[in-house]
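Trainee: Take the sequence shown: its letter number 9 is residue 1250 in the numbering used here, and every next letter is one higher.
A single structure is presented below for examination.
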Amino acid sequence: MVLLESDSELERGDGAPDFELPGTDGETYSLESFADYDALLVVFTCNHCPYAKAKFEELNHLADAYDNLAVVGINPNDADEYPDDSFDRMKELVSDGTIQYTAYLRDESQEVAAEYGAVCTPDPFLFENIGDGFELVFHSRIDDAMSPDDEVTAYEMREAVEAVLAGDDIPVDEYPSQGCSIKWKDE
1242 MVLLESDSEL ERGDGAPDFE LPGTDGETYS LESFADYDAL LVVFTCNHCP
1292 YAKAKFEELN HLADAYDNLA VVGINPNDAD EYPDDSFDRM KELVSDGTIQ
1342 YTAYLRDESQ EVAAEYGAVC TPDPFLFENI GDGFELVFHS RIDDAMSPDD
1392 EVTAYEMREA VEAVLAGDDI PVDEYPSQGC SIKWKDE
């Protein structure tokens, strides 16, 4: 288990680093792919981590409940060492309905995770569409259930998303996310 450090490379107001990553649907995605959405939730996640698995349902809810929000899962984990995080397994989880995000992408090179400063799964970054790109407005946990078996009492990311979509200030404090460390490849 890793607690996300608050010294992330991205800070509020920073632009979202662009990417070009394959999706489980056979398409290739970049930031431009989500330009029609008012907000973008990029979540570095994976298939095997119990902390990430515990958030599948809430991320599916966010993707379904808010038409103007794109929920993009990005899996950067080393699939050679963690076969359950393979691209094929990602496709299976989407196919069987376990994962229903706007897009589920594979960061095989791990360059995107490094550029965002992601450290754990799940590690969520909420961006607002400012017209000529996406700007980071909230880097925090998804909800207040810090362990996979904890009951959620505050859906913090929902509150943040609703505020962004309404053009309001985010009424929720940022807290570190908690989860498994990203499984970096040996150099």
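Positions of the beta carbon are idealized from the N, C-alpha and C atoms, including for glycine.
Per DSSP, which residues does residue 1264 bridge with? Please list them.
Mentor: DSSP output for residue 1264 lists 1346 as bridge partner(s).
Trainee: What are the uninterrupted segments assigned as beta strand (DSSP E) that are 3 or more residues long and contained completely in the stretch 1341 to 1389, given in chain order?
Mentor: Within the stretch 1341 to 1389, the complete beta strand (DSSP E) runs of at least 3 residues are 1344 to 1347, 1364 to 1370 and 1375 to 1380.
Trainee: Given this structure, state the Cα-to-Cα distance separating residue 1340 from residue 1298, to the nearest angstrom.
Mentor: Using only the alpha carbons, I get a separation of about 8 Å.
Trainee: Please look up how many angstroms separate the CB atoms of residue 1327 and residue 1364, rounded, as I've assumed it's under 8 Å.
Mentor: Contact doesn't hold; Cβ gap of about 20 Å is too wide.
Trainee: Tell me whether the beta-carbon of residue 1353 lies closer than 7 Å to the beta-carbon of residue 1260.
Mentor: Going by C-beta atoms, residue 1353 is nearer than 7 Å to residue 1260.
Trainee: Based on DSSP bridge pairs, tell me the residues matched to residue 1314.
Mentor: Note: residue 1314 sits in a beta bridge opposite 1284 and 1345.
Trainee: Do the stretch 1366 to 1382 and the stretch 1315 to 1324 touch if we need at least three Cβ pairs shorter than 8 Å?
Mentor: Taking 8 Å as the limit for Cβ pairs, the verdict is that the stretch 1315 to 1324 does not touch the stretch 1366 to 1382.
Trainee: With a cut-off of 8 Å, do at least 3 Cβ pairs link the stretch 1328 to 1348 to the stretch 1391 to 1407?
Mentor: With a cut-off of 8 Å, the stretch 1391 to 1407 and the stretch 1328 to 1348 do not count as touching, because too few Cβ pairs lie within range.
Trainee: What separation, rounded to the nearest whole angstrom, lies between the Cα atoms of residue 1256 and residue 1372?
Mentor: Residue 1256 and residue 1372: Cα-Cα distance of roughly 12 Å.
Trainee: In whole angstroms, give me the CA-to-CA distance for residue 1263 and residue 1342.
Mentor: Their backbone Cα atoms lie some 14 Å apart in a straight line.
Trainee: With DSSP as the reference, identify every bridge partner of residue 1421, one or two as the case may be.
Mentor: 1362.
Trainee: When you compare the CB positions of residue 1293 and residue 1394, do they come within less than 7 Å of one another, or not?
Mentor: In this structure, residue 1394 does not lie closer than 7 Å to residue 1293 by Cβ.
Trainee: Residue 1416 and residue 1346 look like a contact to me (Cβ under 8 Å); what is the Cβ gap, rounded to whole Å?
Mentor: Contact doesn't hold; Cβ gap of about 25 Å is too wide.
Trainee: Terminal residues of the continuous alpha helix (DSSP H) containing residue 1291?
Mentor: Taken as a continuous stretch (DSSP letters only), the alpha helix (DSSP H) holding residue 1291 covers 1291 to 1294.
Trainee: Inspect the beta-carbon positions of residue 1280 and residue 1310 and report whether they are closer than 7 Å.
Mentor: Taking 7 Å as the Cβ cut-off, residue 1280 and residue 1310 qualify as a contacting pair.
Trainee: When you compare the CB positions of residue 1325 and residue 1288, do they come within less than 7 Å of one another, or not?
Mentor: In this structure, residue 1288 lies closer than 7 Å to residue 1325 by Cβ.
Trainee: Would you identify the three-state DSSP class for residue 1410, choosing helix, strand or coil?
Mentor: Coil, per DSSP.
Trainee: Mind checking residue 1296: buried by the 16 CB within 10 Å criterion, or exposed?
Mentor: Buried is the call here.
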